[in-house]
């Protein structure tokens, strides 16, 4: 088993050759606190489960999108839960309740969207596997036995977690071979990753060793919640690597974490740092264009390939394919997201509270044009002290009074979504309510009362 | 030098004695969310912290305007301060890297102009959250007879402080520095701070300080840009240190805001504490005796009825004894700031355009009565400005003001309009504090000491005599013997 100390030593060795700027390589760039590098508390590593992809507020929307599961999905779901339930006690003896189901839902969406592109002979490269949910699902799926897999990770705790997953899958004979690169490195044993993949191995290696991956070898590259979460330096390596290792007819499946371009230079740690590169353009420069592109459960989901021959996108999503850079694409999706949300609020005849910042500038910019379609019952902002009429034509309430209003939904028009959502859930005994949150890209989100 | 492993292990030992939440949020630089002060990779990276006040670069024009001309003694101080950190940088890394020290020099000079009004040196000084120990260097550059205690809980800061202390010892030929981590690691009894001889320096991690603070010992307690940069737990440790350690006639010097306006989810990442130093010290018989906005809010506390308290009253300082909260002081400082600026404009014969609305309270009470004392003044309507009144705008352009005074709750917007109209470069300095009154100062009225016009990386960047050598940097002590 690999420990974080071993991983850190290997990373330090790799960074040393890069000089002072090396500290910006091989990092989870949006994890500003670097909280996923290491921990003395064994519960932390288990916390990777259910925290590295979809937000918990999207659980219901994921379920709704999936609808009834097919029999083989039901079987895989059972295996998935059983595997993680068995893994957790290997990582901590303390009582924990990881959100396995959330990871299953997100993984099931991925597998549906990938459909027939995954076969027993596929080679899959998973960049930033997080809690290794794809590794687990691919290994446990009876329909995909024989598939080979490579997981590439740059961060301490996820690396250790993925190593534990691979080891447990091998011990349980769910995969034929599990090959850990770092073990070979420190044992001074040379390893040919291409040969290992040829014999159906699941291999695991640190991000700084990606040049060891064989060229044009992977049919599917998974980039789940990763593309705008890496550092500027790592993004360059990432795109170069994808270009080098993708098979001629291979695809890149990219879901989530592609919308930060719209946040610009805004500086909130909650959103993390952004590498600043245009993902769409960077892929295009490598000859990779989106053949599918849509908002799936309010999450940007794309499939890139070297040509647009596979025009499988839904009719309504075709327009996104014409947008050749991030900002207009995300902006168009944000407009569609907003339109969709407002339509849903209208269908439900929901009473709506607007939660903004003093002055409500973002409300005026984004929501006000739609106000005729909304049943707005009031406004609030963190510094509101008294109930007062606003120039916007509605009453502003102090936060302490909003639980009495009991709106069916709260529209947030502020970049401080995380903070305000927390305050909403804490206010006036509303804890536990407003669990469902529709959100694509800041500064807009809607929380629904359950 | 303090070894990284010793520091971290000692801190881990201390944290393990605490409950989980307190342990997680104690003994560190709480608002350093990216953990930059804990994650340096090379000695060269440490050099940057010598110039940490570059983070206040936006306030630098105001800071240097307020400082005005430096005295020859201050210029000498700045040259020796720079020479010291130049040598320190060279010893840390031989790559030639230096940081720009002018922000720290301006800030430290501002601190000591204020502190020396209340307390003369030599003094017994406690510096809580000591950064790169600039206040300690500053104090010993002025007087070799101080006793200085630096307290910190952050790896990079603690490492630098230790290094700086050692370099002062080298420079002065004395052995006056004691690092309690050295003694802890050696399982040796540390010297007592309360028995310190003049010229001693003690270095204490936050987790050890509460056991080490001598009762009623310190003439000056420094908490500079630190109150809301600490976790609530460490903040209360500061309060306990002040309560126990402040001498009967000592002062507490606080630079920075006194109350948290929006403590939740600071930068969407952490909750700041919302403890208030004013009532917490009041409960302990320590009251504010001075508070002003001098680029940052700057407050001095003393024990009620103490000599500094009485002296402040005798000097005619406003009586702040009754202040119950930080907000009370903020409002008082805001009002004083506005009145002082208007008084200064009148004394210097400035021409002013005042933009406000008739009947608006702040405008009528504070601004309008001061206008007749100015060399020339023109009053314009804030409402008309925001409505885009062309006549108003023409009047502003033609008036050739030294200062534009904006008094409006829509001040930010009007300020932008004025700057667009008159040119931002012509009004490069904006002054504002607490009250909805903004002063835009004309370039021809902006002043600062020439040394601040360029980066200050080495002593050669400050005109004058040749840069001092290490043994010439600090004044000689009558008795450089150590505390032991």
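Residue numbers (our numbering), protein chains in the order written: chain W, 431 to 880; chain F, 107 to 590.
Note that the Cβ used here is the ideal one computed from N, Cα and C, for glycine as well.
- Between the beta-carbon of residue 540 (chain F) and that of residue 439 (chain F) there is about 7 Å, and that keeps the pair under the 8 Å contact cut.
- For residue 811 (chain W), the uninterrupted beta strand (DSSP E) segment begins and ends at 805 to 811.
- Identification of chain F residues near residue 699 (chain W) by a Cβ-Cβ cut-off of 7 Å yields 139, 373, 374, 375, ordered along the chain.
- When W:465, W:673, W:760 are compared, the shortest CA-CA separation from residue 688 (chain W) is found for W:760.
- The shortest CA-to-CA distance from residue 626 (chain W) to any of W:815, W:514, W:642 is the one to W:642.
- Per the coordinates, the alpha-carbon of residue 556 (chain W) lies some 12 Å from the alpha-carbon of residue 675 (chain W).
- DSSP places residue 619 (chain W) outside both helix and strand once states are collapsed to three, so it counts as coil.
- Our two residues, residue 700 (chain W) and residue 347 (chain F), have alpha carbons roughly 34 Å apart in a direct line.
- For residue 526 (chain W), same chain residues with a beta-carbon under 7 Å away, outside a window of 5 residues either side, are 473, 476, 518 in chain order.
- Annotated three-state conformation of residue 723 (chain W) is strand, per DSSP.
- With a cutoff of 7 Å on beta-carbon distance, residue 185 (chain F) and residue 210 (chain F) are scored as not near each other.
- For residue 544 (chain W), DSSP records no beta bridge to any residue.
- By DSSP's assignment, residue 827 (chain W) forms a beta bridge with W:810.
- Residue 553 (chain W): member of the beta strand (DSSP E) spanning 553 to 557, first to last residue.
- When rounded, the separation of the alpha-carbon atoms in residue 220 (chain F) and residue 872 (chain W) is 45 Å.
- By the neighbour-count criterion, in which 16 or more other beta carbons inside 10 Å mark a residue as buried, residue 446 (chain W) falls on the exposed side.
- For the set F:193, F:162, F:172, F:179, the Cα lying nearest the Cα of residue 563 (chain F) is the one of F:193.
- 845, 846, 847, 848, 849, 850, 852, 853: these are the residues of the region 832 to 862 of chain W whose beta carbon lies less than 9 Å from some beta carbon of chain F, given in chain order.
- Chain W places a beta carbon closer than 7 Å to that of residue 147 (chain F), counting this residue as a contact.
- Distances from the CA of residue 530 (chain F) to each of F:516, F:514, F:542, F:549 were compared; the closest alpha carbon is that of F:549.
- Cβ neighbours of residue 771 (chain W) within its own chain (closer than 7 Å, five residues either side excluded): 868, 876.
- Per DSSP, residue 760 (chain W) is one residue of the alpha helix (DSSP H) stretching across 756 to 778.
- Under the DSSP assignment, residue 644 (chain W) falls outside any beta strand (DSSP E); it carries neither an H nor an E label.
- At least one C-beta of chain W is nearer than 7 Å to the C-beta of residue 370 (chain F).
- Separation of residue 545 (chain W) and residue 845 (chain W) (C-alpha to C-alpha, rounded to the nearest whole angstrom) is 36 Å.
- Put simply, the backbone Cα of residue 151 (chain F) is about 35 Å away from that of residue 382 (chain F).
- Between the region 316 to 331 of chain F and the region 772 to 780 of chain W, the count of C-beta pairs closer than 8 Å stays below three; the two stretches do not touch.
- Against chain F, the CB of residue 526 (chain W) has no partner CB under 7 Å away; the residue lies outside that interface.
- DSSP lists F:360 as the beta-bridge partner residues of residue 329 (chain F).
- Take the alpha-carbon of residue 313 (chain F) and the one of residue 340 (chain F): they are about 9 Å apart.
- Three or more Cβ pairs closer than 8 Å define a contact, and the region 177 to 191 of chain F falls short of that threshold against the region 223 to 236 of chain F.
- Taken in chain order, the complete alpha helix (DSSP H) segments of 4 or more residues contained in the region 114 to 142 of chain F are 126 to 130.
- When rounded, the separation of the alpha-carbon atoms in residue 671 (chain W) and residue 624 (chain W) is 15 Å.
- Put simply, the CB of residue 462 (chain W) is near chain F, with a gap under 7 Å to one of its CB atoms.
- What residue 150 (chain F) touches in chain W, judged by beta-carbon distance under 8 Å, is 450, going in chain order.
- If you ignore the 5 residues before and after residue 159 (chain F), its C-beta comes within less than 7 Å of the C-beta of 209, 210, 213, all in its own chain and listed in chain order.
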